[in-house]
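Numbered per my numbering, the sequence shown spans residues 3 to 534. Below: one structure, written as structure tokens.
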Amino acid sequence: MSTVQQRYDAIVIGAGFAGIYALYKLHHELGLNVRCFEKGGSVGGTWYWNRYPGARTDTETRVYRYSFDKEIYDGWNWRSRFANQPEVLAYLRSIVSHYALDPHITLDTFVESARYDEAANEWIVTTSEGDTFACTYLLTAIGVLSKLNFPKIAGREKFRGMVVHTGNWPDELTLEGKRIGVIGTGSTGVQLITAAAKTARHVTVFQRNAQYCVPAGEDLVGEAEIADYRNNFEQVWEGIRGTRVACGFAESMVPTFSVSPEERDKVFEENWKIGTGFRFMFGTFSDIASSEEANHEATRFIEKKIRQIVKDPETAQKLIPDQLYAKRPISINHYYEVYNQPNVSLVSVKNNEIVAFTENGVRTADGQEYELDVLAFATGFDTIVGSFKDVEIKGLHGVELKQHWKDEATSFMGIATSNFPNFFMVPGPKSVFCNIPPGVEAQLDWIAALIRKARSGEASAIRVTPEAEREWTQICDTYAAYTLLPKVDSWIFGANVPGGKRQTLFYFGGLSGYRQAWSELAKNDFKGFLFD
Ligand code: N01
């Protein structure tokens, strides 16, 4: 067994949105001695790896950021309503340098294992560099969507072109003048397709299930609007924390069928123009994501738009989903329009899958060959649980996290799990489903409160009771059942990866409900957590 090189109060794994805030919170606010290990060559997490053309946020820039520091908000010179990948990365790097967090981050280092040493009450962490460290508190901030889902297609070695996954896009790869195939039409696929259609010689889209796409809206933010957000910073964020999806718009309280058909269409039309999928799903009417009849009204409207925009009726028909509007909503400008371009073609692989690579491209089950220079997999990720698959984490009595989760990935409050003392996940399974930055801020603010409480009472270990974990699991299942989201297969329920286990991976009570649940816990002396 290798010797411990250094002891820390806390180790944070990952330097994306969650890891950076964890480091800030524990080091700056709690004054702990913290080390953060990041497998990438830069901080940024998702925004470091997902460098494909067209990658950008689809939540407005003003709310796709931290709320903890108004100073940074004031000084940040932003104009894009939806920050693109380099802009988000630059923003995260600016936070790291503003708070002088760099010296606490070790890049290019993958944490391979972490083991709880009960006698010493410390975590022993080993890295890809062969180093061993010890810490009291271990925090994973390894991403919701970071383990690539890379479906296998036979004959890869035959293909003379390039194969990439959007979640690990090579810097040097440009698409200009090339024939690109894109597998997948989720949020990533539609961004890549729309961007590639501008410069590629040809884009062949391999679509399994179509999804409902809503325009993102205007690209730029005016100065008056920015000044308004800056002047009302606290009120804006307080408002956001009181909503479910926390995306910065007023969520509707109006049921779909409480208004006339004409009024319904007017509301859908207005929101189609303003843009964003989340607003279309949650800002139009209160029950689009919970009532099938209401959902059908929204899909009828989007279907009409698709038929109006796409000139070829056969292509339009293929682009119309035959499922409920119940995946994570997509926002994208000019997506349906690209199918009117001669350099874009749509191939349905729903009943005609890609069976093999050939020397020059890929072949579908019907024997048709598609010639390509690049094949891009925009096939998504193994949600949350996948992020833990490559790290061996052992808690009390040497029990492995994977074993602990063999029936279901569970947690209490989405951050901690029984048998794993002083171990926190941001986010872990059954975390709040909402805009990521305010979601992780809420989690880390409370983790910091737990650690503060433990240290002030001289408790050496923070644990979770199995009962609390079971109860939270039930709460999450109950909220999920109120929605239509479990009725379609998607990454939200882990149903997107081959052999993946369908389970409730999120808490659907919204950020407001989640924060409320924490406030009540705090009033109740954090019942469910044990301070030994
Ligand atoms: O992944 P997805 P994503 N053969 O799982 C298809 C966030 N995000 O990377 O629907 C053929 O949604 C699959 O088809 P089907 C955002 O939260 C945010 O696009 O399963 N196709 C689907 O079309 C988003 O929701 C932004 O039938 C296969 C696609 O691949 C989340 O990331 C931007 C296949 C995967 O869609 C994930 O989005 C980008 C196969 N074997 C992403 N396997 C922002 O704007 C899978 N597919 C902030």
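Even for Gly, the Cβ is constructed at its ideal location relative to N, Cα and C. It should be emphasised that the depicted structure is a prediction, and the values quoted were computed from it without experimental measurement.
Cβ-heavy atom distance, residue i to the ligand N01, below 8 Å
i: LYS329; result: yes
i: PHE510; result: no
i: ARG210; result: yes
i: VAL401; result: no
i: ALA358; result: no
i: PRO440; result: no
i: GLY496; result: no
i: GLN193; result: yes
i: SER82; result: no
i: SER333; result: yes
i: ALA57; result: yes
i: LEU147; result: yes
i: ASN52; result: yes
i: ILE185; result: yes
i: TRP448; result: no
i: VAL166; result: no
Closest by C-alpha distance to residue i, when choosing among the options
i: GLY179; options: ALA212, ARG83, VAL346 and GLU264; result: VAL346
i: THR381; options: ALA199, VAL90 and SER189; result: SER189
i: ILE13; options: SER4, TYR26 and THR5; result: TYR26
i: GLY388; options: ALA378, LYS396, LEU403 and ILE228; result: LEU403
i: GLU62; options: ILE395, SER44, ARG81 and GLU73; result: ARG81
i: GLU159; options: GLY363, ASP133 and GLY250; result: GLY363
i: ILE311; options: PHE270, TYR337 and HIS298; result: TYR337
i: PHE414; options: PRO429, VAL401 and GLY400; result: PRO429
i: ILE193; options: THR475, TYR54 and VAL98; result: The sequence given here places Gln at residue 193; Ile does not occur at that position. Among THR475, TYR54 and VAL98, the Cα nearest to that of GLN193 belongs to TYR54.
i: THR138; options: ASN35, ASP60, TRP171 and THR245; result: ASN35
i: GLN476; options: GLU443, PHE510 and ARG454; result: PHE510
i: PRO153; options: VAL499, GLY416 and TRP520; result: VAL499
i: ALA358; options: ASN526, ARG517 and GLU373; result: GLU373
i: PHE481; options: GLY512, SER458, GLU471 and GLU460; result: A quick correction: the sequence has Tyr, not Phe, at residue 481. Here the closest residue by C-alpha is GLY512.
i: LEU377; options: GLY186, ASP110, THR129 and VAL127; result: GLY186
i: ALA219; options: VAL205, PHE280, ALA199 and GLY241; result: Residue identity check: residue 219 is Gly in the sequence provided, not Ala. Comparing Cα-Cα distances from GLY219 to each of VAL205, PHE280, ALA199 and GLY241, the minimum goes to PHE280.
Enclosing beta strand (DSSP E) for residue i [first to last residue]
i: TYR372; result: 371-373
i: THR176; result: THR176 -> no beta strand (DSSP E), and no H or E assigned at all.
i: LEU532; result: 531-533
i: TYR93; result: No beta strand (DSSP E) contains TYR93, which is instead part of the alpha helix (DSSP H) from 87-100.
Residue range of the unbroken alpha helix (DSSP H) whose run includes residue i
i: CYS478; result: 468-484
i: ARG9; result: Unbroken run through ARG9 is the beta strand (DSSP E), 8-15; no alpha helix (DSSP H).
i: VAL269; result: 263-276
i: ALA202; result: Careful: ALA202 lies outside any alpha helix (DSSP H) and carries neither H nor E.
i: VAL442; result: 438-458
i: LYS307; result: 294-311
i: HIS406; result: 403-406
C-beta neighbour in chain D for residue i, strict 9 Å
i: ARG365; result: Checking the listed chains, one finds no chain D in this structure; it contains a single protein chain.
Beta-carbon contacts of residue i that lie in its chain and below 6 Å, excluding the five residues immediately before and after
i: THR366; result: ASN354 and ILE356
i: LEU147; result: PHE383
i: LYS489; result: LEU326 and ALA328
i: ALA456; result: ILE464 and PHE533
i: ALA17; result: CYS38, GLU40, VAL45 and ILE107
i: VAL6; result: THR134 and ALA136
i: LYS72; result: PHE235
i: GLY191; result: VAL184 and ALA380
Close beta carbons around residue i, own chain, < 7 Å, minus the five adjacent residues each side
i: TYR231; result: ARG64 and VAL238
i: MET255; result: SER288
i: ALA463; result: ASN123, PRO423, ASN424 and ASP534
i: SER292; result: TYR484, THR485 and LEU486
i: LYS313; result: ASN342
i: GLN505; result: GLU410, ALA411, PHE495 and GLY496
i: ILE322; result: ALA212, GLU305 and ILE308
i: ALA143; result: VAL14, ILE15, GLY16, GLY18, ALA20, GLY21, ALA24 and VAL428
i: HIS30; result: TYR101
i: GLY459; result: PHE533
i: ARG210; result: VAL351 and LYS352
i: GLY530; result: PHE414, VAL466, THR467, ALA470 and LEU523
Contact set for residue i: own chain, Cβ-Cβ below 8 Å, skip 5 residues either direction
i: MET283; result: ILE290, ALA291, ALA300, TYR327 and PRO331
i: ARG612; result: An answer regarding residue 612 cannot be provided, because it is not within the stretch 3 to 534 covered by the chain.
i: THR360; result: GLY157, LYS160, PHE161 and GLU371
i: GLU295; result: THR258 and PHE259
i: GLU131; result: THR111
The ligand FAD heavy atom lying under 8 Å from the CB of residue i
i: TRP239; result: Of the ligands this structure carries, namely the ligand N01, none is the ligand FAD.
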